[in-house]
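Undergrad: This is the structure I want to talk about, given as structure tokens.
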Amino acid sequence: MPNINSLVIDEYLTDEQAVSINSKNHVSAKSSEAHKVNHISNVINLLEQDLTVPYIARYRKHETGCMEAENIRRVQEIYEKYKNLEIEAEKVIKKIKNEATEDIILSIKAAKSIEEIKEL
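Everything in the sequence shown is counted per the working numbering, starting at 26 for the first residue and increasing by one.
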């Protein structure tokens, strides 16, 4: 399975682009994408430390680039989705390891949703 942090960052930035596609600040948005990636990574690290969204939003602004709680929650939702997907994939692989081909195992690891894993 691809790195969870990369998946979360990609999905969050894609969502953000869809929302701000009509923004006049399109050029400045591109130049600050590296900062956003760093802030999202920091949010993921803080969530992995079991810090709450309100705590992160209020006391870790310097690490999140002053992200609003709503945006931190969105990162949390995406992160939890991919974390649950990883857990489900590992469960399925353990169950079928002896009878599955390498191709099936690779397909399970590359799945982007739990439904996709169940179909395999």
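We put the beta carbon where it would ideally sit given N, CA and C, even for glycine. The structure displayed is predicted, hence computed values, not measured ones.
By alpha-carbon positions, which one of 38, 34, 68, 139 ends up nearest to residue 109?
TA: To locate residue 109, count along the sequence shown from 1; it is residue 84. Checking every option, the nearest Cα to that of residue 109 belongs to 139.
Undergrad: Are the CB atoms of residue 117 and residue 97 within a distance shorter than 7 Å?
TA: Your numbering for residue 97 matches position 72 in the sequence shown. Your numbering for residue 117 matches position 92 in the sequence shown. Not in contact: residue 97 and residue 117 (Cβ atoms no closer than 7 Å).
Undergrad: Given this structure, state the Cα-to-Cα distance separating residue 76 from residue 120, to the nearest angstrom.
TA: In the sequence shown, the residue the question calls residue 76 occupies position 51. In the sequence shown, the residue the question calls residue 120 occupies position 95. Approximately 33 Å, taken between the alpha carbons.
Undergrad: With burial defined as no fewer than 16 other Cβ atoms inside 10 Å of the residue's Cβ, what is the status of residue 39: buried or exposed?
TA: The count along the sequence shown starts at 1 and reaches residue 39 at position 14. When all chains shown are included, residue 39 counts as exposed.
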